[in-house]
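In our numbering, the protein residues as written are -11 to 257. Before any comments, here is the structure.
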Amino acid sequence: MTDEPQERAAALYAAALRKALAGFIASGGTQKEIAAALNVAPATLSRYLSGERIAPRTFLHALRGHLEARAMPWTQEVYENLDALCGKAHTASRSPAVQLAQLKEEVTRLQREQQQAHQVGEARLADLERQTAQLARQLQEALERARSAEGSRERLTARVKEQDESLRHAQDYIHQVEAELAQQREEARRLRSRHPARTEPPPRRGAAAGSRGVNAGHELRGHPRRGTSAASRRGTGRARRTWPVAPVRGSDGRAATAAPFRLAGEAAP
(Lines of atoms letter the chains of each structure in order from A and count residues from 1; the text may use other names and numbers.)
(Lines give C-alpha, C1' and ligand atoms only; values in the text may rest on other atoms or scores of the structure.)
Protein backbone atom coordinates (compact mmCIF):
# COMPACT_ATOMS: atom_id res chain seq x y z
CA MET A 1 0.00 0.00 0.00
CA THR A 2 2.89 2.32 0.71
CA ASP A 3 4.23 2.08 -2.89
CA GLU A 4 0.96 2.95 -4.61
CA PRO A 5 1.52 6.75 -4.95
CA GLN A 6 5.01 6.14 -6.28
CA GLU A 7 3.85 3.49 -8.75
CA ARG A 8 0.86 5.56 -9.78
CA ALA A 9 2.99 8.65 -10.50
CA ALA A 10 5.57 6.60 -12.39
CA ALA A 11 2.82 4.83 -14.38
CA LEU A 12 1.14 8.11 -15.34
CA TYR A 13 4.51 9.53 -16.46
CA ALA A 14 5.31 6.43 -18.53
CA ALA A 15 1.84 6.41 -20.11
CA ALA A 16 2.23 10.04 -21.13
CA LEU A 17 5.63 9.25 -22.71
CA ARG A 18 4.18 6.39 -24.76
CA LYS A 19 1.32 8.60 -25.91
CA ALA A 20 3.73 11.38 -26.92
CA LEU A 21 5.73 8.84 -29.01
CA ALA A 22 2.68 7.24 -30.63
CA GLY A 23 2.76 9.48 -33.69
CA PHE A 24 6.50 8.89 -34.21
CA ILE A 25 6.09 5.08 -33.92
CA ALA A 26 3.09 5.16 -36.27
CA SER A 27 5.11 7.01 -38.91
CA GLY A 28 7.78 4.28 -38.96
CA GLY A 29 10.03 5.31 -36.09
CA THR A 30 11.44 2.76 -33.65
CA GLN A 31 12.61 2.72 -30.04
CA LYS A 32 16.01 1.53 -31.25
CA GLU A 33 16.38 4.71 -33.32
CA ILE A 34 15.44 6.83 -30.30
CA ALA A 35 17.92 4.99 -28.02
CA ALA A 36 20.71 5.50 -30.55
CA ALA A 37 19.87 9.16 -31.03
CA LEU A 38 19.69 9.88 -27.28
CA ASN A 39 22.71 7.73 -26.40
CA VAL A 40 20.84 5.43 -23.99
CA ALA A 41 20.58 1.66 -23.92
CA PRO A 42 17.46 0.16 -25.56
CA ALA A 43 16.68 -1.71 -22.32
CA THR A 44 16.82 1.51 -20.36
CA LEU A 45 14.45 3.14 -22.84
CA SER A 46 12.03 0.21 -22.45
CA ARG A 47 12.06 0.62 -18.64
CA TYR A 48 11.34 4.36 -19.05
CA LEU A 49 8.33 3.62 -21.24
CA SER A 50 7.04 0.83 -18.94
CA GLY A 51 7.39 2.85 -15.74
CA GLU A 52 9.97 0.54 -14.11
CA ARG A 53 12.35 3.48 -14.09
CA ILE A 54 11.60 7.17 -14.02
CA ALA A 55 13.04 9.01 -17.03
CA PRO A 56 14.95 12.11 -15.93
CA ARG A 57 14.24 15.58 -17.34
CA THR A 58 17.45 15.48 -19.37
CA PHE A 59 16.00 12.51 -21.25
CA LEU A 60 12.73 14.39 -21.70
CA HIS A 61 14.51 17.45 -23.15
CA ALA A 62 16.67 15.34 -25.46
CA LEU A 63 13.63 13.41 -26.71
CA ARG A 64 11.84 16.66 -27.48
CA GLY A 65 14.79 17.92 -29.51
CA HIS A 66 15.01 14.68 -31.50
CA LEU A 67 11.34 14.81 -32.46
CA GLU A 68 11.67 18.46 -33.51
CA ALA A 69 14.60 17.46 -35.73
CA ARG A 70 12.35 14.83 -37.34
CA ALA A 71 9.69 17.47 -38.00
CA MET A 72 7.35 15.97 -35.42
CA PRO A 73 7.51 18.50 -32.57
CA TRP A 74 5.40 18.34 -29.43
CA THR A 75 2.94 21.05 -28.66
CA GLN A 76 3.66 23.26 -25.70
CA GLU A 77 0.76 21.71 -23.83
CA VAL A 78 2.13 18.16 -24.28
CA TYR A 79 5.60 19.20 -23.15
CA GLU A 80 4.35 21.03 -20.05
CA ASN A 81 2.22 17.98 -19.08
CA LEU A 82 5.20 15.62 -19.42
CA ASP A 83 7.42 17.98 -17.42
CA ALA A 84 4.86 18.15 -14.61
CA LEU A 85 4.40 14.35 -14.52
CA CYS A 86 8.17 13.91 -14.46
CA GLY A 87 8.45 16.14 -11.40
CA LYS A 88 5.62 14.31 -9.57
CA ALA A 89 7.14 10.92 -10.32
CA HIS A 90 10.51 11.95 -8.95
CA THR A 91 8.92 13.53 -5.89
CA ALA A 92 6.85 10.41 -5.12
CA SER A 93 9.81 8.09 -5.46
CA ARG A 94 11.50 6.95 -2.23
CA SER A 95 14.69 5.86 -3.91
CA PRO A 96 17.67 7.94 -2.71
CA ALA A 97 19.19 7.73 -6.18
CA VAL A 98 16.02 9.04 -7.80
CA GLN A 99 15.68 11.82 -5.26
CA LEU A 100 19.35 12.76 -5.73
CA ALA A 101 18.87 12.81 -9.48
CA GLN A 102 15.78 14.93 -8.96
CA LEU A 103 17.68 17.39 -6.84
CA LYS A 104 20.50 17.58 -9.38
CA GLU A 105 18.03 18.20 -12.17
CA GLU A 106 16.34 20.85 -10.11
CA VAL A 107 19.64 22.56 -9.44
CA THR A 108 20.52 22.31 -13.10
CA ARG A 109 17.16 23.70 -14.06
CA LEU A 110 17.53 26.62 -11.66
CA GLN A 111 21.03 27.33 -12.93
CA ARG A 112 19.80 27.21 -16.49
CA GLU A 113 16.94 29.53 -15.72
CA GLN A 114 19.28 31.85 -13.87
CA GLN A 115 21.68 31.84 -16.82
CA GLN A 116 18.84 32.51 -19.21
CA ALA A 117 17.60 35.33 -17.00
CA HIS A 118 21.13 36.73 -16.88
CA GLN A 119 21.41 36.55 -20.66
CA VAL A 120 18.05 38.20 -21.05
CA GLY A 121 19.09 40.88 -18.58
CA GLU A 122 22.37 41.43 -20.41
CA ALA A 123 20.53 41.67 -23.72
CA ARG A 124 18.04 44.13 -22.26
CA LEU A 125 20.83 46.14 -20.68
CA ALA A 126 22.71 46.25 -23.99
CA ASP A 127 19.52 47.29 -25.75
CA LEU A 128 18.91 50.02 -23.18
CA GLU A 129 22.49 51.25 -23.54
CA ARG A 130 22.10 51.29 -27.33
CA GLN A 131 18.84 53.21 -27.05
CA THR A 132 20.42 55.62 -24.58
CA ALA A 133 23.36 56.23 -26.90
CA GLN A 134 20.97 56.75 -29.81
CA LEU A 135 18.86 59.19 -27.84
CA ALA A 136 21.98 61.06 -26.72
CA ARG A 137 23.16 61.28 -30.34
CA GLN A 138 19.75 62.49 -31.48
CA LEU A 139 19.71 65.06 -28.70
CA GLN A 140 23.17 66.28 -29.70
CA GLU A 141 22.08 66.56 -33.34
CA ALA A 142 18.96 68.44 -32.29
CA LEU A 143 21.07 70.85 -30.24
CA GLU A 144 23.44 71.40 -33.17
CA ARG A 145 20.51 72.04 -35.49
CA ALA A 146 19.06 74.48 -32.97
CA ARG A 147 22.40 76.32 -32.70
CA SER A 148 22.71 76.40 -36.49
CA ALA A 149 19.16 77.70 -36.83
CA GLU A 150 19.86 80.37 -34.22
CA GLY A 151 23.02 81.40 -36.04
CA SER A 152 21.16 81.52 -39.36
CA ARG A 153 18.42 83.61 -37.78
CA GLU A 154 20.94 86.06 -36.39
CA ARG A 155 22.70 86.30 -39.77
CA LEU A 156 19.39 86.85 -41.54
CA THR A 157 18.42 89.51 -39.02
CA ALA A 158 21.72 91.31 -39.53
CA ARG A 159 21.36 91.07 -43.30
CA VAL A 160 17.83 92.48 -43.16
CA LYS A 161 19.04 95.37 -41.02
CA GLU A 162 21.90 96.02 -43.45
CA GLN A 163 19.53 95.99 -46.43
CA ASP A 164 17.13 98.35 -44.63
CA GLU A 165 20.01 100.73 -43.95
CA SER A 166 21.12 100.56 -47.60
CA LEU A 167 17.54 101.21 -48.71
CA ARG A 168 17.30 104.26 -46.45
CA HIS A 169 20.57 105.62 -47.86
CA ALA A 170 19.34 105.03 -51.41
CA GLN A 171 16.06 106.83 -50.68
CA ASP A 172 17.93 109.79 -49.16
CA TYR A 173 20.20 109.92 -52.22
CA ILE A 174 17.21 109.82 -54.59
CA HIS A 175 15.54 112.66 -52.70
CA GLN A 176 18.75 114.68 -52.86
CA VAL A 177 19.11 114.11 -56.62
CA GLU A 178 15.48 115.04 -57.18
CA ALA A 179 15.94 118.24 -55.20
CA GLU A 180 19.08 119.17 -57.18
CA LEU A 181 17.29 118.39 -60.45
CA ALA A 182 14.35 120.61 -59.49
CA GLN A 183 16.80 123.40 -58.57
CA GLN A 184 18.59 123.09 -61.93
CA ARG A 185 15.28 123.23 -63.79
CA GLU A 186 14.25 126.36 -61.90
CA GLU A 187 17.61 127.97 -62.67
CA ALA A 188 17.25 127.13 -66.37
CA ARG A 189 13.73 128.62 -66.41
CA ARG A 190 14.97 131.88 -64.85
CA LEU A 191 17.79 132.13 -67.39
CA ARG A 192 15.38 131.65 -70.29
CA SER A 193 13.08 134.33 -68.93
CA ARG A 194 15.97 136.84 -68.57
CA HIS A 195 17.59 136.20 -72.00
CA PRO A 196 15.01 135.36 -74.67
CA ALA A 197 16.32 133.75 -77.89
CA ARG A 198 17.24 136.21 -80.79
CA THR A 199 16.35 135.43 -84.40
CA GLU A 200 18.46 136.86 -87.39
CA PRO A 201 16.56 138.32 -90.41
CA PRO A 202 16.69 136.27 -93.63
CA PRO A 203 19.03 137.56 -96.48
CA ARG A 204 17.52 139.80 -99.26
CA ARG A 205 16.68 137.99 -102.47
CA GLY A 206 17.90 140.75 -104.89
CA ALA A 207 21.37 141.03 -103.49
CA ALA A 208 21.85 137.30 -103.41
CA ALA A 209 20.73 136.96 -107.04
CA GLY A 210 23.11 139.75 -108.25
CA SER A 211 25.99 138.21 -106.48
CA ARG A 212 25.33 134.85 -108.08
CA GLY A 213 25.10 136.54 -111.56
CA VAL A 214 28.49 138.25 -111.30
CA ASN A 215 30.26 135.15 -110.11
CA ALA A 216 28.72 133.06 -112.86
CA GLY A 217 30.19 135.35 -115.59
CA HIS A 218 33.76 134.50 -114.84
CA GLU A 219 35.61 131.36 -115.90
CA LEU A 220 38.64 129.66 -114.46
CA ARG A 221 41.99 131.22 -115.27
CA GLY A 222 44.23 129.70 -118.03
CA HIS A 223 41.53 129.48 -120.70
CA PRO A 224 42.28 131.98 -123.59
CA ARG A 225 39.47 133.82 -125.30
CA ARG A 226 38.47 132.34 -128.58
CA GLY A 227 39.31 134.40 -131.72
CA THR A 228 42.45 136.07 -130.36
CA SER A 229 45.05 136.50 -133.12
CA ALA A 230 48.56 135.22 -132.98
CA ALA A 231 49.95 138.75 -133.58
CA SER A 232 48.26 140.16 -130.60
CA ARG A 233 49.57 137.29 -128.56
CA ARG A 234 53.13 138.10 -129.76
CA GLY A 235 52.94 141.90 -129.16
CA THR A 236 54.53 142.12 -125.73
CA GLY A 237 56.20 138.83 -125.66
CA ARG A 238 53.46 137.61 -123.27
CA ALA A 239 50.16 136.32 -124.34
CA ARG A 240 47.39 138.69 -123.32
CA ARG A 241 44.44 136.80 -122.06
CA THR A 242 40.93 138.04 -121.97
CA TRP A 243 37.90 136.41 -120.31
CA PRO A 244 34.36 136.40 -121.52
CA VAL A 245 32.01 138.65 -119.65
CA ALA A 246 28.52 137.54 -118.78
CA PRO A 247 25.78 140.15 -118.88
CA VAL A 248 25.04 141.70 -115.52
CA ARG A 249 21.71 143.16 -114.67
CA GLY A 250 21.10 145.81 -112.12
CA SER A 251 18.41 146.10 -109.60
CA ASP A 252 16.07 147.67 -112.25
CA GLY A 253 16.38 144.62 -114.50
CA ARG A 254 18.39 146.37 -117.29
CA ALA A 255 21.61 144.93 -118.69
CA ALA A 256 24.78 146.63 -117.52
CA THR A 257 28.18 146.49 -119.24
CA ALA A 258 31.04 145.29 -117.08
CA ALA A 259 34.73 145.78 -117.89
CA PRO A 260 36.56 142.63 -119.00
CA PHE A 261 38.61 140.88 -116.37
CA ARG A 262 42.41 141.07 -116.87
CA LEU A 263 45.37 139.61 -115.16
CA ALA A 264 47.61 141.79 -113.07
CA GLY A 265 50.13 143.80 -115.28
CA GLU A 266 48.12 143.61 -118.50
CA ALA A 267 47.56 146.87 -120.46
CA ALA A 268 44.17 148.06 -121.55
CA PRO A 269 43.41 147.64 -125.30
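Note that beta-carbon positions come from the ideal geometry of N, C-alpha and C, so glycine has one too. Quick caveat, the model's predicted, so the values are computed rather than measured.
query: Cβ pair count under 8 Å reaching 3, the region 108 to 122 against the region 71 to 84; result: no
query: Integer-rounded CB distance, given that A2 should sit under 8 Å from S38; result: 6 Å
query: Backbone CA spacing between Q103 and G53 [nearest angstrom]; result: 20 Å
query: Neighbour-count burial assignment, R45, 16 or more Cβ in a 10 Å radius; result: buried
query: Rounded C-alpha distance that separates T96 from A130; result: 50 Å
query: Burial state of Y161, where buried means 16 or more other Cβ atoms lie within 10 Å; result: exposed
query: C-alpha distance - S81 paired with T63, whole-angstrom precision; result: 27 Å
query: Buried versus exposed call for A31 [16 or more other C-beta atoms within 10 Å across all chains shown]; result: exposed
query: Within 8 Å, strictly: CB atoms of V66 and F47; result: no
query: Cβ-Cβ distance between A77 and I42 below 8 Å; result: yes
query: The alpha helix (DSSP H) enclosing E21, as first and last residue numbers; result: Q19 to L26
query: Proximal residues to R6 (C-beta, below 6 Å), its chain only, five neighbours per side dropped; result: L37
query: Exposure label - A158; buried when at least 16 CB within 10 Å; result: exposed
query: Pairwise C-alpha distance: R141 and Q172; result: 46 Å
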